[in-house]
Every structure is written in C-alpha cells, then in structure tokens.
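Chemist:
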Amino acid sequence: MIAIGVPAEGKDEPRIGLTPETVKKLVKAGAKVTVRSGAGLRSHFSDQDYKDAGAAIAKSDADAVADADVVFTVRRPELSLAKSMKKGAALIGMLDPFSDAEGLDALAETGVALFAMELMPRITRAQSMDVLSSQSNLAGYKAVVDAAAAFERALPMMMTAAGTVPAAKVFIMGVGVAGLQAIATARRLGAIVTATDVRPAVKEQVASLGAKFIAVEDEEFKQAETAGGYAKEMSDEYKKKQAALVADHVKNQDIVITTALIPGRPAPKLISKAMIESMKPGSIIVDLAAERGGNTELTKPGEIAEHKSVRIFGLLNLPGQVPVNASSLYAKNLLAFLDPFIDKENKTLAIDWDDELAKGTGIVRDGAIVNEMIAERLGGKGAAKVDSKPARAPAKTGTAKQAGNGRKAPAKKSSAKRQPKGDTTP
Ligand code: NAD
15 MIAIGVPAEG KDEPRIGLTP ETVKKLVKAG AKVTVRSGAG LRSHFSDQDY KDAGAAIAKS
75 DADAVADADV VFTVRRPELS LAKSMKKGAA LIGMLDPFSD AEGLDALAET GVALFAMELM
135 PRITRAQSMD VLSSQSNLAG YKAVVDAAAA FERALPMMMT AAGTVPAAKV FIMGVGVAGL
195 QAIATARRLG AIVTATDVRP AVKEQVASLG AKFIAVEDEE FKQAETAGGY AKEMSDEYKK
255 KQAALVADHV KNQDIVITTA LIPGRPAPKL ISKAMIESMK PGSIIVDLAA ERGGNTELTK
315 PGEIAEHKSV RIFGLLNLPG QVPVNASSLY AKNLLAFLDP FIDKENKTLA IDWDDELAKG
375 TGIVRDGAIV NEMIAERLGG KGAAKVDSKP ARAPAKTGTA KQAGNGRKAP AKKSSAKRQP
435 KGDTTP
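Here it is in structure tokens:
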C-alpha cells in the first residue's frame, strides 16, 4: 500500500496540495492518506472533510509524513520536514529548484527524492500536471479583479440618462497563460483591451479573445519563440523599438497588467519610471512578474507602490489569494503526476525514473542531483552527479557532497547564487 503524507504549509502559503476530492481518488487507488490537522483550513477544507474522504488526520507535520512514501507540498519545505521522512520517499511540490542551492543540497542529503513540479515538460501528456499553467491562469484572473477593485472608475461603458461612463482601457503585457486569462477577464468586465508580446504565435489568440494586438513586428519578432514555446531575450535594438511603442501606448491606458517572463532570467523591464509618469492619475499597474524582479522600474515586490498617483501592485503569490481554486487545481496536477507511477495491481509506488515526466521534474535521487539543468545552473558544469540511474553511494559519504561540492568552492558558490543563465525551457 502506498502511504501519502501532507504537512501544513508555512504561514505565507494558503494553498495545499491535497483536497478531499483527490483523497477519495488516492484512497480508491489503494493509497493510505494522512494529512496534518488544520492543513487545509485556509482553502476551507476541514479535517472532517478529509476524514469523510478517507484520510487519517495527524497531530504534527512529522506524524503526517513519517511513514509516507510520497509527500505532497506546495512550497519547498523546511529541512526538518525532510528529516522526518523515510529515506527514499518522494517529496513532490513546487520546490523552487533554481534558488538557495545550499538549502537544496541539505534537502538532498536527507536521502529524500525530490520532484519539482515547475519543471514539468510542456508536452501534451503532461498538460493535466502543468502547475505553472493551473496557477498562472488564476493569477491572471486575480490581477484584473484586483486592479478593477482598486480602480476608482468603472470598467464597462455605461450609457445612462445622466451621461456616458467611458469604458476603461486595459493593456496586457505578456500573453502567456496568465496574460490570456487577464485579457479574457478584462473583456468580461467590459474594458477595451490591448495586448502585446514578443511571440508572434499569440497574435491570433489575442484577436480571438476580442482584444487588439500591438507589437513591434520585425524580423526578430518572427523568430522570438523557442522550440519550447517560450520567449527569448530580445536584442537591445528590439528593446528600444518596443520601449518607444509601449511609451506611446501606455500613456493612454487606465490599467496595465504585466506578466512578461523569460524562463531562467530576471523579468524584462518593460515600463520605465518616465512611462509611469506619463500615465493618468489613478491608473493602476499590476505586475505579475514582481516575484522575478518585476516588469516595471518602480515595482516593489510584495508591496503596492505609489508614484505620482499611479499605483503599482507588486503583490506576490496571487494564486494563493484564490486558494480554494488554486489548491483544487494544484492537487489535481499532483494526482495526475503520481497516477502513472502507481502500480495498480500491487498498489505500490513504482516511479519510472526513465519516464520523461520523472526525468524532467526529478531533481534529487539517493542524495544526488540527477537533473542536468539544475546541476549546471546551481553548481556549474560537472558539479553534480548526473545519471538517470540512482547514485549508489550513501548521501553522507559521497554523492550529496559531490552534488554540492562545486557550490562550496568560492568561485562556484557565487555562480550558485546568481540568477540562472540561459534558456531554461523545460
Ligand atoms: P511565461 O510565464 O514564461 O511568460 C509570459 C509571457 O511573457 C509569454 O507569453 C512571453 O512570450 C512574454 N514575454 C517575454 N518577454 C517579453 C517581452 N520582452 N515583451 C513582451 N512579452 C514578453 O509564459 P507561459 O505562460 O508559461 O506560456 C508560454 C507558452 O507556453 C505559451 O505559448 C503557452 O500557451 C504555452 N504552454 C504550453 C503548454 C503545453 O502543454 N503545450 C502548457 C502551458 C503553456
């Protein structure tokens, strides 16, 4: 029988990776599920809801995970949680694999296998497991709703006997998953919506949602998409042309939602201080890229900044502000990921490390970093043992130290801390 454990998240994280709905499915598949008492409360799932679905309730995080073969988390947990787990058990969550190399090493040394859901390959088979999509979609929605609530005017055009209220103008920068949902939400609220991106593929999607696409459509734009469907870093020349276009457009907008990201790089700066100063008083910017440094020059991650009567929302973890839906979708992503690794006949855990989903997301196995991309980004080339087979040496005497040794040497230590370079398209 597979044992699944779910601890409580830290105080800043309202989401949870297990819902009564996924408990039922896991129990039906032959799993024993244990959840820490109160862990679902911020998503409005009570202990009783989990019990009714067939889960056991544990008094502490350590009790919830002690016997687990698989532990589901939202964020990378404290080291103490991994120490409470069985060696070889799998910890699956959004483990933020590009940051805090030392922390990742310490987790690796516990002998727990680590799977980072952010690294899920973007292939058709994995769509139901794609946490970036499920969470960004909600972030795009919440960004518009937050902006609309803070905006001191109405969004739709209203023709009344007392006069006409003009429709608000909303500009979406970056039309990935979050941007598309932001366009759809702003359109539903009756705004006049424009959008921009550097990838030509989005042009039609924008039009199909009833918004107008504006962009610098030169030769570079035609080549701006990677094979993985992500944006490339643009040349300085393109950036200049883009800035001129944006400057001209932004001054007439009421609400700007920025979502532009380039995998593995700081967020591109698309809105300068001067552009913000050109906006009308009362305008709102919601910067969904705040976590990665922000798309505007004045974004303060975690805060609402105000400059000359323009407010810039740099709030973090927007999906966490819609925790009921975010947890529901995230828990389904986790279930969909685990399902192929459940041996349905014997009802045991059978992770196939050669499967492309396990290869893509699996970052640590038997104490060693087994994901080439993570090893290179964190420790420099060759710092980690990279092998699709498990490293046999026990963590404390060999592989974990090897995985981390590049980082502990002064020259490489700095490389572990800096922003990862290059295209990290999974
Ligand atoms: P993302 O979060 O990496 O980036 C957000 C958007 O910002 C992207 O559209 C990007 O092109 C844009 N951007 C980057 N630099 C910019 C700049 N300088 N100016 C303007 N815009 C800029 O993207 P995402 O939401 O992860 O989506 C990336 C792509 O992957 C999309 O096409 C999406 O539809 C696709 N996708 C595919 C699958 C699948 O399973 N096949 C799953 C999810 C998403």
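Quick note on this note's numbering: the sequence shown kicks off at 15 and runs consecutively. Each residue gets a CB set at the ideal place from its N, CA and C atoms; glycine is no exception.
1. Assign residue 94 to buried or exposed, taking buried as 16 or more other Cβ atoms, counted over all protein chains shown, within 10 Å of its Cβ.
2. When you compare the CB positions of residue 107 and residue 136, do they come within less than 8 Å of one another, or not?
3. Could you check the C-alpha separation between residue 253 and residue 383 for me, to the nearest Å?
4. Suppose the cutoff is 6 Å on Cβ atoms and the five residues either side in sequence are ignored; what does the same chain contact list for residue 187 look like?
5. Return the Cβ separation of residue 385 and residue 131 in integer angstroms, given the expectation that the two are a contact with Cβ distance under 8 Å.
6. Are there three or more Cβ pairs, one per stretch, closer than 8 Å when the region 113-121 is compared with the region 45-59?
7. Can you tell me where the alpha helix (DSSP H) holding residue 41 begins and where it ends?
8. Quick one: does the C-beta of residue 282 sit closer than 7 Å to a heavy atom of the ligand NAD?
9. Counting pairs of Cβ atoms below 8 Å between the region 213-223 and the region 190-205, do you hit three or more?
10. Considering only residues of the same chain and omitting the five flanking positions on each side of residue 339, which have a CB-CB separation below 8 Å?
11. Residue 68 and residue 20: beta carbons closer than 8 Å?
12. Please report how far the alpha carbon of residue 43 lies from the alpha carbon of residue 163, in whole angstroms.
13. Select from 165, 87, 104, 149 the residue whose C-alpha is nearest the C-alpha of residue 372.
14. Within the continuous alpha helix (DSSP H) that includes residue 107, where are the two ends?
15. Would you kindly check if the distance between the Cβ of residue 24 and the Cβ of residue 86 is under 8 Å?
16. Taking residue 335 as the reference, give the member of 16, 28, 80 with the closest Cα.
17. Where residue 62 and residue 55 are concerned, what is the direct C-alpha to C-alpha distance, given to the nearest angstrom?
18. Mapping the DSSP letters down to three states, classify residue 137 as helix, strand or coil.
19. Considering residue 235, what are the terminal residues of the alpha helix (DSSP H) in which it resides?
20. Leaving aside the five residues before and after residue 292 along the sequence, list all residues of the same chain whose C-beta is less than 6 Å from its C-beta, in chain order.
21. Only counting the same chain, and skipping five residues up and downstream in sequence, which positions put a Cβ closer than 7 Å to that of residue 79?
22. Which one of 64, 70, 71, 122 has the shortest CA to CA distance from residue 91?
23. Just verifying my parser: in three-state terms, what is the DSSP assignment at residue 275?
Modeler: Reading off the structure:
1. It is exposed - the Cβ of residue 94 has fewer than 16 other Cβ atoms within 10 Å.
2. One thing to note: residue 107 has its Cβ no nearer than 8 Å to the Cβ of residue 136.
3. So the two alpha carbons sit approximately 37 Å from each other.
4. The beta carbon of residue 187 lies closer than 6 Å to those of 210, 272, 274, 284 in the same chain, with the five residues before and after it left out.
5. Residue 385 to residue 131, Cβ: 13 Å. No contact.
6. Fewer than three beta-carbon pairs drawn from the region 113-121 and the region 45-59 are found closer than 8 Å, and the two stretches are therefore not classed as touching.
7. Where residue 41 is concerned, the enclosing alpha helix (DSSP H) stretches over 34-42.
8. Distances between the C-beta of residue 282 and the heavy atoms of the ligand NAD include at least one below 7 Å.
9. Counting Cβ pairs under 8 Å, three or more are found: they touch.
10. For residue 339, where only same-chain residues beyond five positions count, the Cβ hits under 8 Å are 152.
11. Taking 8 Å as the Cβ cut-off, residue 68 and residue 20 do not qualify as a contacting pair.
12. Across the structure, residue 43 and residue 163 are spaced so that their CA atoms are roughly 43 Å apart.
13. Ranking 165, 87, 104, 149 by Cα distance to residue 372 puts 104 first.
14. From DSSP, residue 107 is part of no alpha helix (DSSP H) but of the beta strand (DSSP E) over 104-108.
15. No, the pair does not count as a contact, with Cβ atoms beyond the cut-off.
16. When only C-alpha atoms are compared, the closest one is 28.
17. As the crow flies, the alpha-carbon of residue 62 is around 11 Å from that of residue 55.
18. Residue state, collapsed to three classes: coil.
19. Unbroken alpha helix (DSSP H) run through residue 235: 233-236.
20. Excluding sequence neighbours, residue 292 sits near 265.
21. In the same chain as residue 79, and ignoring 5 residues on each side of it, the C-beta atoms closer than 7 Å to its own belong to 19, 21, 85, 95, 98, 99, in chain order.
22. Closest by alpha carbon: 122.
23. Three-state DSSP puts residue 275 in coil, outside helix and strand.
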